[in-house]
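Those protein sequences? They're chains A and B, same order as listed.
Residues 1 to 227 (the numbering used here) make up the first sequence, in order.
Residues 1001 to 1227 (the numbering used here) make up the second sequence, in order.
Glycine is no exception: its CB is placed at the ideal position from the N, C-alpha and C atoms.
Predicted, not measured: the structure shown is a model, and the values here were computed from it.
Here is the structure we will look at, set down as structure tokens.
Protein chains: 2
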Amino acid sequence: MREVFHQSLEDVQARLVEIADLVTVAIDRATRAFGTSDVALAEEVIEADAIIDEKAFELDELAIEILARQQPVARDLRIVVTALRVSASLERMGDMAEHIAQLARSRFPERAVPKGLKTTFTRMGELDVEVSRKLAELLRTQDLRIAEAIRDADDDIDELHVSVFEKVLGDSWKGEATATVDATLASRYHERFADHAVSVAKKVVYLATGDWAGADDEAAHEPSPVI
Amino acid sequence: MREVFHQSLEDVQARLVEIADLVTVAIDRATRAFGTSDVALAEEVIEADAIIDEKAFELDELAIEILARQQPVARDLRIVVTALRVSASLERMGDMAEHIAQLARSRFPERAVPKGLKTTFTRMGELDVEVSRKLAELLRTQDLRIAEAIRDADDDIDELHVSVFEKVLGDSWKGEATATVDATLASRYHERFADHAVSVAKKVVYLATGDWAGADDEAAHEPSPVI
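Structure follows, in structure tokens:
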């Protein structure tokens, strides 16, 4: 029974890594589509999100089956419940990538990236891709040092998020309402993407360290949404 | 054992209803604070969100304890897993109310509601409160007809959400960037609040009807975030 459970967990882990890899492809394409107004690439992201949703759903069903058949307790139970939560976060990360792609598509053939914010959004995109890659690596290796790197990158993203609002609300901002809306939404999606990654990383860490009190404290890392 | 499980489920249900009631208070106060620029009321919402987070965390711990001690299977297992997911959605609804309150606070003593959108946001706020009240009622009574009313209200909110962007991106919009940012974020928070409620309502319905394939299909009810 123990052996069966161990194999089931390996299956769960492999599926989580697979979804995280798909999310990395999605955010990489979405931020490139957003940066270069590549509507075909944006379409790819939007279409591929259904695959992420489907895989997350299948993983949830597998986790519930494991709970029913193998009735894990203690730490084993925590691992399976955590898998359900990680799956939900990955699914939302895919949604954020999709939303960024939708922004790119909706402005086509205009540029989606507001003038004066190209460097900022390029950097936010790169950081989101980095966060996503590291998250897949964390899920693959369980190397807890990666969690710290994810948190550091999230801090950088939060700073960029704040800087977008400073720019948009500053005296020198000459953007049209469209540019203001796009900057607001795109920044929010980029920031939420990384928040979810931090939330997953925390759960992986707490699984390893056993202190559960902070593992659900997602809100603590979400910066105030407004300046 | 069956009797113990039944009592545990009643405890879970009572706690979900309690959290949904707290969320209703939060969204009611948040939308009033936003509409009237009442910074004291906004502060109350922001402070009270920690209570919602704490209660959601306690409920999750209870659900995990039930899984460990009573090892439910089949529909019983689905109920407990669903409780975990409902708790996560309620917690996010509380966060959305908090974000609306933060918007109200951040603009004080200026008005948070952008000019020309007062009626729209008043209506969105009323609908969010209605959705939240109905959700608590659905969790309390398991009367599935309420789920339909929640979905209808969500459709109305989605329409208002679209109308906010039409207004902001229209030729007649004279708002400053601040007003544009506020309208964008506030509309998004109102819309997400109701989305989470629809997601919970679906889960309650699917628990009753047994068809799980659609219960996680949250994305399907999220309108395109941009016009």
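So Lys-1134(B) is in the alpha helix (DSSP H); what residue range does that whole segment cover?
1118-1141
Nearest-angstrom Cα separation, counted from Ala-1040(B) out to Glu-972(B):
Since the first residue shown for chain B is 1001 and the last is 1227, residue 972(B) is missing from the structure and cannot be characterised.
So, do the region 1092-1104 of chain B and the region 1020-1035 of chain B have three or more beta carbon pairs nearer to each other than 8 Å?
yes
Starting from Ser-106(A), follow the alpha helix (DSSP H) in both directions and report where the run begins and ends.
74-107
What does the alpha-carbon distance come out to for the pair Arg-123(A) and Glu-130(A)?
10 Å
So which residues on chain B does Val-113(A) lean against when the C-beta distance must stay under 7 Å?
Within 7 Å Cβ-Cβ: nothing; Val-113(A) doesn't reach chain B, min ~14 Å.
Determine, for His-221(A), whether the minimum Cβ-Cβ distance to residues of chain B falls below 8 Å.
The predicted position of His-221(A) is uncertain, since its pLDDT is 48 and thus under 50; a value taken from the coordinates is nonetheless stated next. Taking Cβ atoms only, chain B never reaches closer than 8 Å to His-221(A), which makes this a no.
Return the first residue and the last residue of the alpha helix (DSSP H) that Leu-1016(B) is part of.
1002-1036
What residue range is occupied by the uninterrupted alpha helix (DSSP H) comprising Leu-1041(B)?
1039-1070
According to the neighbour-count rule (16 or more other Cβ atoms, all chains shown, within 10 Å of its Cβ), is His-6(A) buried or exposed?
exposed
Short-range partners of chain A found in the region 1034-1068 of chain B, where Cβ spacing is below 9 Å
Asp-1049, Ala-1050, Asp-1053, Ala-1056, Phe-1057, Asp-1060, Glu-1061, Ala-1063, Ile-1064, Leu-1067 and Ala-1068
Where Glu-176(A) falls: helix, strand or coil (DSSP):
coil
Opening and closing residue of the alpha helix (DSSP H) in which Glu-159(A) lies:
145-168
Could you tell me whether the Cβ of Leu-1090(B) comes closer than 8 Å to any Cβ of chain A?
no
Using beta carbons (cut-off 8 Å, strictly below), is Val-81(A) in contact with chain B?
yes
Show which residues of chain A have a CB atom less than 7 Å away from the CB atom of Gln-1071(B).
Gln-71
Under 8 Å between beta-carbons, which chain A residues line up against Ala-1074(B)? List them in chain order, please.
Ala-68
Short of 8 Å in beta carbon distance, which residues of its chain neighbour Pro-72(A), apart from the five on each side in sequence? Order them along the chain.
Phe-5, Ile-66, Ile-79 and Val-80
Within this structure, are the beta carbons of Gln-1142(B) and Ala-1208(B) separated by less than 8 Å?
yes
What are the residues of the region 11-23 of chain A that lie near chain B, defined by any Cβ-Cβ distance shorter than 9 Å?
none
Beta carbons nearer than 8 Å to chain A: which residues of the region 1134-1165 of chain B have them?
Phe-1165
Integer Cβ distance of Ser-89(A) from Ser-199(A), believed to fall under 8 Å
6 Å
Val-1168(B) versus chain A: which residues are under 7 Å apart at the beta carbon?
Ala-177 and Val-181
Measure the alpha-carbon distance for Ser-8(A) versus Asp-1053(B) and round it to whole angstroms.
32 Å
Against chain B, which members of the region 183-198 of chain A pass a CB distance test of less than 9 Å?
Ala-183, Thr-184, Leu-185, Arg-188 and Tyr-189
Touching by the beta-carbon criterion (3+ pairs, under 8 Å), the region 1159-1172 of chain B and the region 1180-1187 of chain B
yes
To which residues of the same chain is Gly-116(A) closer than 7 Å at the C-beta, ignoring the five residues directly before and after it?
Lys-167
Using 8 Å for Cβ pairs, my map puts Ala-201(A) next to Leu-138(A). What's the rounded Cβ distance?
6 Å
Interface residues of chain A facing Leu-1117(B) [CB-CB closer than 9 Å]
Under the 9 Å cutoff, chain A gives no residues; its nearest Cβ is about 13 Å from Leu-1117(B).
Simplified DSSP state of Glu-191(A), which is helix, strand or coil:
helix
Of all the options Ser-163(A), Thr-178(A) and Ala-50(A), which has the alpha carbon lying nearest to the alpha carbon of Ile-19(A)?
Ala-50(A)
What's the gap between the Cα of Glu-61(A) and the Cα of Arg-1069(B)?
21 Å
For Leu-1077(B), return the contacting residues in chain A, with the cut-off set at a CB-CB distance below 7 Å.
Ile-64, Leu-67 and Ala-68
CB contact below 8 Å: Leu-207(A) versus chain B:
no
Which class does Asp-171(A) belong to by DSSP, given the choice of helix, strand or coil?
coil
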